[in-house]
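Read through the structure below, which is laid out as structure tokens, and then see the notes.
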Amino acid sequence: MTRSFFALLAILAVAGSAPGHEVLMTSDFTDSTEAWETGNGKVPEASAEGLRFAGKDRARFRGDVAGLTGKIRQSNTVTIESWITPESLNQGGPARIFTFSKNTSERNFTLGQEGDRIEARLRTSRTGSNGVPGLQSPKGSLKTEATHVVVTRDRSGTVTLFLNGEPVLAKRIPGDLSNWDASYGLAVGDELSGGRGWSGRVSAVTICDGALSETEVRERYRAGPGGDAAPTGVSNEEPTRDPNVELFETKITTLLTQRCLECHDSSTREGDLDLSRKLAAHTELGIVVGGDAAGSLLWESIEHDDMPHKREPLSPHEKALVKEWLDGGAAWTVDFIDPAIYGRPDEVAPQRTARLTSTEYVATVRDTFGVDVSEQAARWLPAEVRTDGFSNTAYNLTVDLEHVEAHARLAEWIVGELDVGKFAKRFSGKRDLTDKTMIPLIEAMGQEVLRGPLDEAETAVYRGVSTTVASAGGDFDEAVAYVLEAMLQSPRFVYRIEDVRGDGRRVPAGDFEVASRLSYILWGSSPDEELRRLAQERRLNNEETIRSQARRMLKDPRAVDRSLEFVAEWLHLDRLSHLQPSPEKFPDWKPELATAMRNETLAFFRELVWERREPLSNLLNAPFSHLTPDLAAHYGLEGPASGDGLRRVDLRDEPARGGLLTHGSVLTVGGDEASMVTRGLFVLHDLLRGVIQDPPPCVDTAPKPSQPGLTQRAIAMERVASKSCGGCHSKFEPLAYGMEKFDGLGGYHQEDEHGNPLREDGEVLFPGEPEPVPFESVGELMDLLAESARVKETLTWKLTQFAMGRPLVARDAPAVHRIHRAALEAGGRYTDVMCAIVESGLVREVVTEPESDSSP
1390 MTRSFFALLA ILAVAGSAPG HEVLMTSDFT DSTEAWETGN GKVPEASAEG
1440 LRFAGKDRAR FRGDVAGLTG KIRQSNTVTI ESWITPESLN QGGPARIFTF
1490 SKNTSERNFT LGQEGDRIEA RLRTSRTGSN GVPGLQSPKG SLKTEATHVV
1540 VTRDRSGTVT LFLNGEPVLA KRIPGDLSNW DASYGLAVGD ELSGGRGWSG
1590 RVSAVTICDG ALSETEVRER YRAGPGGDAA PTGVSNEEPT RDPNVELFET
1640 KITTLLTQRC LECHDSSTRE GDLDLSRKLA AHTELGIVVG GDAAGSLLWE
1690 SIEHDDMPHK REPLSPHEKA LVKEWLDGGA AWTVDFIDPA IYGRPDEVAP
1740 QRTARLTSTE YVATVRDTFG VDVSEQAARW LPAEVRTDGF SNTAYNLTVD
1790 LEHVEAHARL AEWIVGELDV GKFAKRFSGK RDLTDKTMIP LIEAMGQEVL
1840 RGPLDEAETA VYRGVSTTVA SAGGDFDEAV AYVLEAMLQS PRFVYRIEDV
1890 RGDGRRVPAG DFEVASRLSY ILWGSSPDEE LRRLAQERRL NNEETIRSQA
1940 RRMLKDPRAV DRSLEFVAEW LHLDRLSHLQ PSPEKFPDWK PELATAMRNE
1990 TLAFFRELVW ERREPLSNLL NAPFSHLTPD LAAHYGLEGP ASGDGLRRVD
2040 LRDEPARGGL LTHGSVLTVG GDEASMVTRG LFVLHDLLRG VIQDPPPCVD
2090 TAPKPSQPGL TQRAIAMERV ASKSCGGCHS KFEPLAYGME KFDGLGGYHQ
2140 EDEHGNPLRE DGEVLFPGEP EPVPFESVGE LMDLLAESAR VKETLTWKLT
2190 QFAMGRPLVA RDAPAVHRIH RAALEAGGRY TDVMCAIVES GLVREVVTEP
2240 ESDSSP
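Residue numbering for the sequence shown follows the working numbering, starting at 1390 and increasing by one per position.
Next comes the structure, spelled out in structure tokens:
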């Protein structure tokens, strides 16, 4: 047996996915019974109270049972919902209320009455043909009154019985639904073969090929028997949208952003034309004329390739889109086309399968096995690549041969450090290699290690590993060790795999998926025991439960560590470890200062966010920091006189210091020359969420050094005043004017090395605004940024992007706006933003995709 053999087995162990839930059959017996027939072939008569059964009659469904069965088998999930009113509480057998069966002993599913209890029987590949043992509600739970009964079976195999909107019993029934027989029939009131008659009224019956969440069941109960038959996320007819509105929001906004706003936004307004705002574009000079492309000056300029100026003309396809939009009415549904929202094509699908980052891998191993693998992971795993501002961007978290080999090596090392017998004892006290012991053990370990229940095929793969070990003479501990090694190399461990196959509908995320999202967003690690328990009980699609869990989890030290990881990613603090300033320009530089700068920023964030619990925007102007003696001296400040560690320093009497932009960790983005370009772009991109096109290929972008009589600011002002460069440079270089007195390593001076006097006045042009706001000092600049609504919103966007692990596109904008509004109303603190994120639809829902596009 070789390690690579087990790695191959692990790669095969990926859970199957299922489509989003859909109504397969629904009958409202108070309205119509055309799809049903009685024993003599007649259609029963509907009534205001539903169908009445007297214990000797039944109604059989006449629809496509085979098609219905096929969809349930494919999804491996099901929901049966009914509204019933029992006539008495002395019926038994159980008496058949609703059944999907052949006779009294062969069934796919049956809902029955046993005295004052409801009994549900569901057959799987691991039960007998009668689906026993089933689920039975508590004694006295059934009354002779209208009762809402729902039975769900989710992807983990958990069957839950709900009465009147509340879960009364949940039980995991092993196996899958692949053996459901399409030849069986659906009947209400009795078995198709007779002998189990029920007395009472049935108002409605619905079958879905998915498991409704607790929230959905409760909403269905509140809606009553005559409520909408489609659960949340189920595909009823989508509201018809104006195709011109759809075209504008999904295509035209992006096209205008990418091809027009560089020259025609609110600040640049070349030719006095602003195409970023509805009023200006529709009224100025007849630029946009709804219903008449030929009469629109916009179309005339595009058709003749006069726009974009000095750029590639629009392609034939892009021109056709503009013409279609103009001729169709030129719908314009936003006040401001924000390039930060619409600059990325909306058809870019959210990435839902993400490899664990190196830090997430280390944390997951630590929390799952109690093993510290940080040193080995740093040596063996390839370095992460930063994309779209973060290293956890899902589409960039690929796996190559180097990753496969590293994970195999890490798996062997982790298991070698583990007391395998002690670990296995957490799940089972038995130590033999029989199916009776190993299958439950594998299922229990797999649910924790792989962050969700195993399906039957996965269990069989891992059981095959242990069987192979046993046949080769291995003992129990060896078998468990090899199973764990295989799990550690499985895509289900290495990736955060979610079930997204379906048909494009928005459906609630599964409970184990929600548990994983919560834990990796808030902790950067795997779900703990409480989250797994709530997922097993199917309680994590409940808004109040998620809210209480978020509050609990944010009190855990892991939440602090995750927040510091965000700061390090957002500000790209890792680059400090590679900082190599010019020894001629900075002869006193010591590498230890780079470490101190990084630690300063992290300690500053920790105090403001976790100890002082201040709004996130105060990061821009809080008058304190944490410095070592060397770093304080480097800054020219009176800091701690001795010691190697950080000390808190009050900066209220230092008007040039205070806030992130005065930290060396941030100021060093300007390089040795303290470039206005890179510093200004940092403020624009990472604080104001502004967008600037890349410079034309012919432009020389090499930094221009200062010299006697020419400061970096003077060089920047030349570019801003330039006819060819100023259109773009005016939007970001002035943002760095207030930082001119800080050199490339964060030291503060009144003059540069050439004796040129330095300034700190300037102006801020906030995206979307026509005029800049002036400031006289770096302190005023910090206050402007801290008070800016745009900066506050950017912090929410950055946190949301990091939480989701993917770039945000236009379809995410409404959800992010709601997150930001909720966070501000709660106080605007880090914890407020994180609570709003995890309570949002971005975390609680998935948009399914066609099966052919499913995750690998």
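Glycine included, each C-beta is placed from N, C-alpha and C at the ideal position.
Check: Measuring only the C-alpha atoms, how far is residue 1649 from residue 2156?; Outcome: 15 Å
Check: According to the Cβ coordinates, are residue 1590 and residue 1439 closer than 7 Å?; Outcome: yes
Check: Leaving aside the five residues before and after residue 2204 along the sequence, list all residues of the same chain whose C-beta is less than 7 Å from its C-beta, in chain order.; Outcome: 2229, 2230, 2231
Check: Going by DSSP, what residue range makes up the alpha helix (DSSP H) through residue 2224?; Outcome: 2219 to 2227
Check: To the nearest angstrom, report how far apart residue 2005 and residue 1547 are at their CA atoms.; Outcome: 41 Å
Check: When DSSP labels each residue in this structure, what does residue 2112 get in the three-state scheme?; Outcome: coil
Check: Taking the alpha helix (DSSP H) that residue 1766 belongs to, which residues open and close that run?; Outcome: 1763 to 1769
Check: Any idea if residue 1501 is buried or exposed, counting beta-carbon neighbours within 10 angstroms, 16 or more meaning buried?; Outcome: buried
Check: Less than 6 Å between C-beta atoms, sequence neighbours within five positions excluded: which residues of the same chain meet that for residue 1520?; Outcome: 1496, 1510, 1511, 1512
Check: Mapping the DSSP letters down to three states, classify residue 1626 as helix, strand or coil.; Outcome: Confidence is the limiting factor: at residue 1626 the pLDDT is only 39, short of 50, which leaves the residue's position unreliable, though a coordinate-based value still follows. DSSP places residue 1626 in coil when its eight states are reduced to three.
Check: Are residue 2149 and residue 2167 closer than 7 Å when you measure CB to CB?; Outcome: yes
Check: Near residue 2192, which residues of its chain fall below 7 Å by C-beta distance, leaving aside the five closest residues on each side in sequence?; Outcome: 1910, 2226
Check: Ignoring anything shorter than 4 residues or poking outside the region 1658 to 1713, list the alpha helix (DSSP H) runs there in chain order.; Outcome: 1667 to 1672, 1686 to 1692
Check: For residue 1978, which of 1525, 1937, 1941, 2023 has the nearest alpha-carbon?; Outcome: 2023
Check: Say whether the region 1814 to 1828 touches the region 1784 to 1792, bearing in mind that this needs 3 or more beta-carbon pairs closer than 8 Å, one atom from each stretch.; Outcome: no
Check: Can at least three beta-carbon pairs, one atom from the region 1791 to 1802 and one from the region 1856 to 1865, be found at a separation below 8 Å?; Outcome: no
Check: Please report the straight-line C-alpha distance between residue 1900 and residue 2058, rounded to a whole angstrom.; Outcome: 42 Å
Check: For the region 2102 to 2117 against the region 1940 to 1952, are there 3 or more C-beta pairs whose distance is under 8 Å?; Outcome: no
Check: Where do the N-terminal and C-terminal ends of the alpha helix (DSSP H) with residue 1470 fall, by residue?; Outcome: Note, residue 1470: premise wrong, no alpha helix (DSSP H); beta strand (DSSP E) at 1467 to 1475.
Check: Check residue 1914 in the structure and name its three-state DSSP category.; Outcome: coil
Check: Between residue 1544 and residue 1466, is the Cβ-Cβ spacing less than 7 Å?; Outcome: yes
Check: For residue 1999 and residue 2015, I'd like the C-alpha separation in whole angstroms.; Outcome: 15 Å
Check: Please identify the residue among 1576, 1553, 1522 whose C-alpha is closest to the C-alpha of residue 1560.; Outcome: 1522
Check: Use the C-beta contact count for residue 1823: other C-beta atoms within 10 angstroms, 16 or more gives buried, fewer gives exposed.; Outcome: exposed
Check: So, for residue 2102: in the same chain, excluding its five sequence neighbours on each side, which residues have a beta-carbon less than 8 Å away from its beta-carbon?; Outcome: 2065, 2126, 2129, 2147, 2148
Check: Suppose the cutoff is 6 Å on Cβ atoms and the five residues either side in sequence are ignored; what does the same chain contact list for residue 1514 look like?; Outcome: 1564, 1565, 1567, 1568
Check: To the nearest angstrom, how far is the alpha carbon of residue 1884 from that of residue 2195?; Outcome: 15 Å
Check: Given residue 1681, which residues of its chain have a CB within under 8 Å of its CB, disregarding the five upstream and five downstream residues?; Outcome: 1715, 1716
Check: Bridge partners of residue 1726, per DSSP?; Outcome: DSSP output for residue 1726 lists no bridge partner at all.
Check: The beta strand (DSSP E) with residue 1595 in it runs from where to where?; Outcome: 1588 to 1597
Check: Could you spell out where the beta strand (DSSP E) holding residue 1747 opens and where it closes?; Outcome: Here residue 1747 belongs to no beta strand (DSSP E); instead the alpha helix (DSSP H) covers 1747 to 1758.
Check: Using CA atoms only, rank isn't needed, just tell me which of 1990, 2171, 1676, 1745 is closest to residue 1877.; Outcome: 1745
Check: Evaluate the contact criterion for the region 2071 to 2079 versus the region 2172 to 2180: three or more CB pairs, one atom per stretch, below 8 Å.; Outcome: yes
Check: By Cβ distance below 7 Å, which residues in the same chain neighbour residue 2140 in space, the five residues on each side in sequence not counted?; Outcome: 2146, 2147
Check: Classify residue 1693 as buried or exposed, calling it buried when 16 or more other Cβ atoms lie within 10 Å of its own Cβ.; Outcome: exposed
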